[in-house]
Amino acid sequence: MTLEPRLQLQPLLAKLDQAATAEQVRFAVEEIAAACLADAVPILIAVLGYNNPGAAVAAVDGLIAIGEPAVLPLIELLDGFNYGARAWALRALSGIGDPRGMDLVVKAALEDFALSVRRAAARGVGTLRWAQFPGPERPASQKRAIETLIQVCADPEWVVRYAAVTGLEALWDKLDPSLHASQRPGLKQQLRVLSAQDESRVVRGRARLALWRSRALEPDPRSE
1005 MTLEPRLQLQ
1015 PLLAKLDQAA
1025 TAEQVRFAVE
1035 EIAAACLADA
1045 VPILIAVLGY
1055 NNPGAAVAAV
1065 DGLIAIGEPA
1075 VLPLIELLDG
1085 FNYGARAWAL
1095 RALSGIGDPR
1105 GMDLVVKAAL
1115 EDFALSVRRA
1125 AARGVGTLRW
1135 AQFPGPERPA
1145 SQKRAIETLI
1155 QVCADPEWVV
1165 RYAAVTGLEA
1175 LWDKLDPSLH
1185 ASQRPGLKQQ
1195 LRVLSAQDES
1205 RVVRGRARLA
1215 LWRSRALEPD
1225 PRSE
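Heads up, the sequence shown is in this note's numbering, so the first residue is 1005 and it goes up one at a time.
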C-alpha cells in the first residue's frame, strides 16, 4: 500500500528536526529531496536560507525535480529571502525553466545587488525550458533573453559575464527557427567580441569555446 505524501514526509521531517550538525542536515535534506514530494516544497524552500551550501544544493535539486508545483511558492517567497537564499531560489527557478519565472530571472540578471544572484540568473536566462513556452510567445521571449544576456556581458564582475556566455551558448541551438537569420549573427558577434577583448582570460576562453561549439551546431551548407 502506498502511503499518502504527508505520511511519507513525516519520518523524513523528523530526521531533519533531529539533525545536530551541518552534515546531518544535508543528509536529511537529500532524503527529503529524493522523495520528490510536492508537499515538501515549503520545507525545501526554507532550507535555502539555512546557510548550509550542501543542504541548499540538495534542496535546489529537489525543487527542480518536483518542478511545476514549486514555481509559484518560489516566486511568492523570493522577495523575503536574503541574498544567499535568493541565489539558490533563482537556480531552482532557472532549473525548472517555467515561463512564469522569466520576468524575475531577467530582472535579477540585470539589476540585483548581489553578484551571486546575477550570476545564477544570467545562467538561468539562457537555460529556460523553451519548449514549455507557448509557441507564439517563444520568439519574442528568446529575443528578450538574448538582449538581456548581451547587456549582462558588460557586467563588472567576470563571473557574471562568464555566466552570460554560458547562457548565450545554451540559447544558440534552442532558438526558434524564425530567429536564426535575425539573431544568430548578433549573438555570434557578441561572443567574438568577448573572446578577443574581455579583460578576463577565463571569459575569453569560455567565449572561444562557445564560438567553436556554435560552429559545430550550424548546418553544413554542403549537405543542403
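Virtual Cβ for every residue (Gly too), placed ideally from N, Cα, C. Quantities reported herein were computed from a predicted structural model and do not represent experimental measurements.
Under the assumption that residue i contacts residue j (Cβ atoms under 8 Å), give the Cβ distance between them as a whole number of angstroms.
i: P1142; j: V1207; result: Note that residue 1142 is Arg in the sequence shown here, rather than Pro. That pair is no contact at about 29 Å.
i: A1091; j: A1050; result: Their Cβ separation, rounded to whole angstroms, is 16 Å, which puts A1091 and A1050 out of contact at 8 Å.
i: C1040; j: A1059; result: Not quite, the Cβ-Cβ distance comes to about 17 Å (not below 8 Å), so this is no contact.
i: L1172; j: G1130; result: 6 Å
i: L1114; j: L1082; result: Incorrect: roughly 16 Å between the Cβ atoms, too far for contact.
Within the continuous alpha helix (DSSP H) that includes residue i, where are the two ends?
i: G1190; result: H1184 to Q1201
i: P1140; result: Counting along the chain, P1140 falls outside any alpha helix (DSSP H), and DSSP gives it neither H nor E.
i: P1046; result: V1045 to V1051
i: A1118; result: Careful: A1118 lies outside any alpha helix (DSSP H) and carries neither H nor E.
i: D1065; result: P1057 to I1070
i: F1085; result: Run containing F1085: none; DSSP gives neither H nor E here.
i: L1175; result: W1162 to W1176
i: A1039; result: A1026 to A1039
Could you check the C-alpha separation between residue i and residue j for me, to the nearest Å?
i: A1200; j: V1064; result: 35 Å
i: S1218; j: Q1028; result: 43 Å
i: Q1193; j: I1154; result: 10 Å
i: L1215; j: A1167; result: 15 Å
i: L1198; j: E1151; result: 15 Å
i: W1162; j: R1205; result: 10 Å
i: R1127; j: Q1014; result: 35 Å
i: N1055; j: D1180; result: 39 Å
i: L1094; j: D1102; result: 12 Å
i: L1132; j: T1170; result: 12 Å
i: L1020; j: R1212; result: 45 Å
i: E1228; j: A1185; result: The pLDDT assigned to E1228 is 43, lower than 50, so where the model puts this residue is not dependable; a value taken from the coordinates is nonetheless given after this. Distance between the alpha carbons of E1228 and A1185 is about 16 Å.
i: D1116; j: C1157; result: 15 Å
i: D1224; j: T1025; result: At D1224, the pLDDT of 46 sits below 50, so the modelled position is not reliable and the matter cannot be decided from this model.
i: E1203; j: I1036; result: 43 Å
i: L1175; j: Q1146; result: 8 Å
i: A1032; j: K1111; result: 33 Å
i: D1159; j: Q1012; result: 45 Å
i: A1144; j: L1016; result: 43 Å
i: L1195; j: P1189; result: 10 Å
i: R1123; j: A1023; result: 31 Å
i: A1038; j: L1183; result: 38 Å
Quick one, which of the options has its alpha-carbon nearest residue i's?
i: S1098; options: T1025, V1075, Y1087 and D1083; result: V1075
i: L1052; options: P1189, A1089 and V1045; result: A1089
i: E1080; options: S1145, R1104 and Q1022; result: R1104
i: A1096; options: R1196, P1073, D1177 and E1035; result: P1073
i: M1106; options: R1210, L1048, P1057 and F1137; result: F1137
i: L1067; options: D1083, N1086 and I1047; result: I1047
i: V1121; options: N1086, R1196 and K1178; result: N1086
i: W1134; options: R1148, R1123 and A1124; result: R1148
i: G1071; options: L1183, D1177 and I1100; result: I1100
i: A1062; options: A1124, K1178 and E1034; result: E1034
i: R1030; options: G1084, A1125, G1139 and P1057; result: P1057
Regarding residue i and the ligand ADP, is the C-beta to nearest heavy atom distance less than 7 Å?
i: L1213; result: Because no ligand of any kind appears in the structure shown, any question about the ligand ADP cannot be addressed here.
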